[in-house]
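The opening residue of the sequence shown carries number 1 in UniProt numbering; numbering runs sequentially from there.
These notes concern the structure reproduced below.
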Amino acid sequence: MGSMERYTKVGMQELDQRLAKIVEAARKQPVSVYRYGAPWVWIVSQEDWQGALREVASCVPPGHSLALLKPRIEALLAEHRGALALLAEQQGMIIAPHTLMHVLLLQLLYSVPSEKQLYEQLTYNLLFRWFTGLELKSRVWNFSLFSHDLGVLLASPMAVSLLQRMVDEVLGASLQAMPEFSLNLGLLHSWLARHDNH
Numbered sequence: 001m002g003s004m005e006r007y008t009k010v011g012m013q014e015l016d017q018r019l020a021k022i023v024e025a026a027r028k029q030p031v032s033v034y035r036y037g038a039p040w041v042w043i044v045s046q047e048d049w050q051g052a053l054r055e056v057a058s059c060v061p062p063g064h065s066l067a068l069l070k071p072r073i074e075a076l077l078a079e080h081r082g083a084l085a086l087l088a089e090q091q092g093m094i095i096a097p098h099t100l101m102h103v104l105l106l107q108l109l110y111s112v113p114s115e116k117q118l119y120e121q122l123t124y125n126l127l128f129r130w131f132t133g134l135e136l137k138s139r140v141w142n143f144s145l146f147s148h149d150l151g152v153l154l155a156s157p158m159a160v161s162l163l164q165r166m167v168d169e170v171l172g173a174s175l176q177a178m179p180e181f182s183l184n185l186g187l188l189h190s191w192l193a194r195h196d197n198h
């Protein structure tokens with residue numbers, strides 16, 4: 001049991017040094033491999049992988065911080081569903097704004113430095129895909145569309161203030177107990193600053 005707990009989250013250096021033991025541990029429980037401080041790839045057993053083909057959520061540990069936060073984030077977004085839908089309609093967004101709000105929150109939580117890297121994470125990171133509602137076989141939108149629709153949200157004072165509410169009200173003091181996050185407050189403040197004079 002100790003070895004299962006020991007290897008549920010590892011860095012690249014540890015993966016290189018202890019690959020055989022980590023792969024053995026992954027037969028019992030999925031292992032999340034981090035790269036540059038952000039979730040990068042999962043090692044899962046064949047049985048778990050077959051389950052993941054049916055449902056991405058099967059690879060997300062029930063006690064993971066994102067799994068604990070998601071219901072509260074969903075509730076806050078639900079309060080603003082109408083306003084977000086109106087913004088999407090007025091600005092010709094193709095991707096659901098509800099989905100992209102999850103994407104932007106992930107960018108903040110994991111300090112993903114660029115839209116391009118954020119897009120890449122959505123392509124192969126099961127945790128990111130689950131959190132944003134993408135199934136394993138769902139195709140990620142093309143990058144120019146993704147970038148455009150993210151830009152629409154970031155140009156909206158309502159959407160950006162909603163992101164701030166997620167950070168303040170949903171995360172708040174909980175961040176102290178969630179060391180896997182490296183919240184980028186500087187990025188959030190830069191988004192907010194665009195609307196200070198409006």
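Virtual Cβ for every residue (Gly too), placed ideally from N, Cα, C.
Residue i bridges to which residues according to DSSP?
i: Tyr34; result: Gly11 and Pro39
May I ask which residues mark the beginning and end of the alpha helix (DSSP H) holding residue i?
i: Pro71; result: Ser65 to Glu79
i: residue 231; result: Beyond the ends of the chain as shown, which are 1 and 198, falls residue 231; an answer cannot be given.
i: Asp149; result: Phe143 to Leu154
i: Met158; result: Pro157 to Arg165
i: Lys116; result: Glu115 to Tyr124
For residue i, I'd like the list of residues in its chain whose CB is within less than 6 Å of its CB, leaving aside the five on either flank, ordered along the chain.
i: Gly2; result: With a pLDDT of only 39 at Gly2, under the threshold of 50, the placement of this residue in the model should not be trusted; the figure read from the coordinates follows. There are no such residues.
i: Trp141; result: Ile95
i: Ala38; result: Tyr110
Per DSSP, what kind of secondary structure is residue i in: helix, strand or coil?
i: Ile22; result: helix
i: His195; result: coil
i: Leu87; result: helix
i: Ser45; result: coil
i: Arg139; result: coil
i: Glu180; result: coil
i: Gly2; result: In this prediction, Gly2 scores a pLDDT of 39, lower than 50, which makes its location untrustworthy; the coordinate-derived value is nonetheless stated afterwards. The answer is helix: DSSP assigns Gly2 an H, G or I state.
i: Leu134; result: coil
i: Val60; result: coil
i: Arg27; result: coil
Within its chain, find whatever has a CB closer than 7 Å to the CB of residue i; leave out the 5 residues flanking it on each side and keep chain order.
i: Met4; result: Note that Met4 has pLDDT 43, beneath the 50 cutoff, so the model's placement of it is unreliable and no number is given.
i: Ser156; result: Leu87
i: Thr99; result: Thr132 and Gly133
i: Leu188; result: Leu108, Leu163, Gln164 and Val167
Counting only the same chain and skipping the five closest in sequence on each side, list residues whose C-beta sits under 8 Å from that of residue i.
i: Leu15; result: Ile22 and Val33
i: Lys116; result: Phe143
- Task: Give a yes or no on contact between the region 65–75 and the region 33–44, applying the rule of three or more CB pairs nearer than 8 Å.
- Result: no
- Message: Measuring CB atoms only, is the region 123–132 touching the region 184–197, in the sense that at least three cross pairs come out at less than 8 Å?
- Response: no
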